[in-house]
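The structure appears below as structure tokens.
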Amino acid sequence: MNIQFLGTGAAEGIPALFCNCNFCRSVRLRGGKAVRSRAQVLMDGELSIDFPPDAFYHGLGAGVDLSAVRYLLITHSHCDHFYAHDFVLRGYKYAKNMTSPALHILGNADVLNVFYESVRREMRPEVENTFSFTCLKAFSPVSFGDWTAHPLKAMHSSSEPFVFFLEGKGKRILHLTDTGPLPEESYAYLQGLDGAPCDLVTLDCTFLYDDAPHSARHMGVRENAELLRRLREMGLVDGHTKAVITHFSHNSEPTEEKLRRAEGELNVTAAYDGLTISI
2 MNIQFLGTGA AEGIPALFCN CNFCRSVRLR GGKAVRSRAQ VLMDGELSID FPPDAFYHGL
62 GAGVDLSAVR YLLITHSHCD HFYAHDFVLR GYKYAKNMTS PALHILGNAD VLNVFYESVR
122 REMRPEVENT FSFTCLKAFS PVSFGDWTAH PLKAMHSSSE PFVFFLEGKG KRILHLTDTG
182 PLPEESYAYL QGLDGAPCDL VTLDCTFLYD DAPHSARHMG VRENAELLRR LREMGLVDGH
242 TKAVITHFSH NSEPTEEKLR RAEGELNVTA AYDGLTISI
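If you read the sequence shown in our numbering, its first letter stands for residue 2, the second for the next number, and so on.
Okay, structure coming up:
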């Protein structure tokens, strides 16, 4: 299975959209892997976790056929993770010969509301008819295609945010962004799952080494270390598990030096836009 990290930045991206801090100015000058678009992860070309404003750029830059995405799993309704306006263009004269004419969106009730708020002025009925929806509830697994998603409660500021434990094609994936330290309810649910350790764990590392007081909506290296420790104790992470940190903010200034340090301390890979992990 191939997992593509199409976007690895926080809501503002790097360089941040309207920012002229020293770090963002330096990234504009040097470009390359230091540039980070908004978060999106694509699994085997057919399952996308989140759909940001940068999806057009992801399709272009990574050579991804976004019309082949059959399932869209949404963590929460913030616009950097669910930019629904673009779905107006998924059909009619805007999109021909799509690989998968239908798209199944799975998210909480607020995601569905945001979808209709975003498209109601411009979406044609024949385009709307190609979408289907599943309203997710915490700790109620849902199966679709070759996949089963277990929505877990996240610690974030939006209405009913989720992170996901995914099972599919013989693999187990724990996707933990956007979230602060996991609620105890989510640890308890994970503890009750049977089976082998995860093949892949992705971790919100928005704050990296920024230890200044901050909200519990995101994590940094310190929180990642504690989370990985608990997952190891539960048997969900072992020596074969690949772990990836992602969702970096310009405020934490994710320099190469900091990222390499985090990789060594946590035994993880620091994601960049376009990174592909095979499991």
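From the three backbone atoms N, C-alpha and C, an ideal C-beta is built for every residue, glycine too.
{"Query": "Check residue 251 in the structure and name its three-state DSSP category.", "Result": "helix"}
{"Query": "Among 49, 269, 251 and 257, which one has its Cα closest to the Cα of residue 10?", "Result": "251"}
{"Query": "Only counting the same chain, and skipping five residues up and downstream in sequence, which positions put a Cβ closer than 8 Å to that of residue 129?", "Result": "120"}
{"Query": "Assuming residue 202 is part of the beta strand (DSSP E), what are its boundary residues?", "Result": "201-205"}
{"Query": "Ignoring anything shorter than 3 residues or poking outside the region 121-175, list the beta strand (DSSP E) runs there in chain order.", "Result": "132-136, 143-145, 148-154 and 163-169"}
{"Query": "How is residue 21 classed by DSSP in three states: helix, strand or coil?", "Result": "coil"}
{"Query": "Within this structure, are the beta carbons of residue 65 and residue 104 separated by less than 8 Å?", "Result": "no"}
{"Query": "Would you be able to state if there are at least three C-beta pairs under 8 Å between the region 72-85 and the region 155-167?", "Result": "yes"}
{"Query": "Applying the 10 Å Cβ sphere with the 16-neighbour rule, what's the burial state of residue 1?", "Result": "Outside the shown range of the chain, which is 2 to 280, sits residue 1, and nothing can be said about it."}
{"Query": "Need the endpoints of the beta strand (DSSP E) that residue 42 sits in, please.", "Result": "41-44"}
{"Query": "Once you ignore the five residues that flank residue 173 on each side, which residues in its own chain have a CB closer than 6 Å to its CB?", "Result": "199 and 200"}
{"Query": "Skipping 5 residues on each side, what residues in its chain have a beta carbon closer than 6 Å to that of residue 136?", "Result": "110"}
{"Query": "How about the region 254-268 and the region 223-242: do they share at least three Cβ pairs that are nearer than 8 Å?", "Result": "yes"}
{"Query": "Where does residue 92 fall in DSSP's three states?", "Result": "coil"}
{"Query": "So, at 6 Å on beta carbons, what are the nonlocal neighbours of residue 81 in its own chain, with the 5 sequence-adjacent residues on each side left out?", "Result": "12, 39 and 53"}
{"Query": "By the three-class DSSP mapping on this structure, what secondary structure does residue 115 have?", "Result": "helix"}
{"Query": "What is the C-beta distance between residue 63 and residue 275, in whole angstroms, given that I count them as a contact (C-beta under 8 Å)?", "Result": "6 Å"}
{"Query": "Report all residues from its chain with a CB closer than 6 Å to the CB of residue 204; omit the five preceding and five following residues, and keep chain order.", "Result": "177, 225 and 246"}
{"Query": "Out of 117, 158, 85 and 15, point me to the one whose CA is closest to residue 34's CA.", "Result": "15"}
{"Query": "Quick check on DSSP: helix, strand or coil for residue 71?", "Result": "coil"}
{"Query": "Below 8 Å between beta carbons: does that hold for residue 69 and residue 46?", "Result": "yes"}
{"Query": "Apply the 10 Å Cβ neighbour rule to residue 241 and answer buried if 16 or more other Cβ atoms are within range, or exposed otherwise.", "Result": "exposed"}
{"Query": "Over what stretch of residues does the alpha helix (DSSP H) that includes residue 359 continue unbroken?", "Result": "A query on residue 359 cannot be resolved here, the shown segment of the chain reaching from 2 to 280 and no further."}
{"Query": "Between 260, 196 and 189, which lies nearest to residue 222 when the distance is taken from Cα to Cα?", "Result": "260"}
{"Query": "Near residue 127, which residues of its chain fall below 7 Å by C-beta distance, leaving aside the five closest residues on each side in sequence?", "Result": "92 and 93"}
{"Query": "Tell me, please, which residues DSSP counts as bridged to residue 245.", "Result": "203 and 270"}
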